[in-house]
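The structure appears right after this line, and notes come after that.
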Amino acid sequence: MSKSDFPGWHGTTIIGVRKGDEVVVAGDGQVSLGQTVIKGSARKVRRLSPGGYDVVCGFAGSTADAFTLLERLESKLEATPGQLQRASVELAKDWRTDKYLQKLEAMLIVTDGAELYIITGAGDVLEPEHGIAAIGSGGNYALAAARGLSETDLSAEEIARKAMAIAADICVYTNGNLTVERIGK
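To convert a position in the sequence shown, counted from 1, into my numbering, add 6.
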């Protein structure tokens, strides 16, 4: 069976919300193959601590590809401690130019509590407007919901949880089994 014949893995909504001195990254737990839910409790949000420097990452796409990228990011952070932007740009450059990495199919949301970025294989390191980043199949639903909720008195975590619940109600590749990681400046 060729890659084009194989039904695609779908699923994942990841959101990052910055409000005040707090950033929350939340992700659902659903992994689907075609029209079948394979797993409902996957953990797609992780905390990295290279050299005691905390970074929270969420990923969408192929799990193996995402773990490869997280390992690369961790090594970039070890080489440039406390410099998330520089490490993210270095990862994006490698991802875009390395023939092996170019084939990786994933996206990342990363934060150290001060900075929040989306990193893509196209070489993008994007700092989202309004302090909200979202990726994955339900990302646009979660983003729209979080943007609407951001003007309220809700905390970053409450916004992320409500936005994820809305995305799970709309996107068939997203469930309500959340992993939530919080980090401050």
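Think of the CB as a built atom: it goes at the ideal place given N, C-alpha and C, for glycine as much as any other residue.
Query: Find the nearest neighbour of Val29 within the set Gly46, Arg49, Gly35 and Arg53, judged by alpha-carbon distance.; Result: Arg53
Query: Do you know offhand how far Asp11's Cα is from Gly67's?; Result: For Asp11, the pLDDT reaches just 47, beneath the cut-off of 50, and the residue's location in the model is therefore unreliable, although a value from the coordinates is still provided. Going from the Cα of Asp11 to the Cα of Gly67 covers about 18 Å.
Query: Do the CB positions of Gly33 and Asn181 come within less than 8 Å of each other?; Result: no
Query: Here's a check: name, in chain order, each residue in its chain whose Cβ is nearer than 7 Å to the Cβ of Arg92, leaving out the five neighbours to either side.; Result: Thr86
Query: Would you mind listing the alpha helix (DSSP H) stretches within the segment 42-115 that are 4+ residues and don't spill past its ends, in chain order?; Result: 69-85 and 90-103
Query: Is it buried or exposed, Pro13, if we count other Cβ atoms within 10 angstroms and call 16 or more buried?; Result: Caution applies to Pro13, whose pLDDT of 48 falls short of 50 and renders its modelled position unreliable; the model cannot decide the point.
Query: Kindly indicate which three-state DSSP category Tyr123 falls into: helix, strand or coil?; Result: strand
Query: First and last residue of the alpha helix (DSSP H) that includes Leu149?; Result: Gly145 to Leu155
Query: State the Cα-Cα distance for the pair Leu75 and Pro56, rounded to the nearest angstrom.; Result: 14 Å
Query: What residue from Gln36, Gln108, Gly40 and Gln41 has the CA that sits closest to Val51's CA?; Result: Gln36
Query: For the beta strand (DSSP E) that Glu187 lies in, which residues bound it at each end?; Result: Thr185 to Gly190
Query: For Ala120, which residues of its own chain have a beta-carbon under 6 Å away from its beta-carbon, when the five flanking residues on both sides are left out?; Result: Lys191
Query: Rounded to a whole number of angstroms, what is the C-alpha to C-alpha distance between Met7 and Leu39?; Result: Because the pLDDT of Met7 is 40, which lies under 50, any placement of that residue in the model is unreliable, and the number read from its coordinates should be weighed accordingly. For Met7 and Leu39, the distance between alpha carbons rounds to 15 Å.
Query: What's the gap between the Cα of Lys105 and the Cα of Glu164?; Result: 41 Å
Query: Who pairs with Glu28 in a beta bridge, going by DSSP?; Result: Lys25 and Gly190
Query: List the whole-angstrom C-beta distance separating Leu90 from Val62, where the pair is believed to meet the contact cut-off of C-beta under 8 Å.; Result: Wrong, their Cβ atoms sit about 11 Å apart, outside the cutoff.
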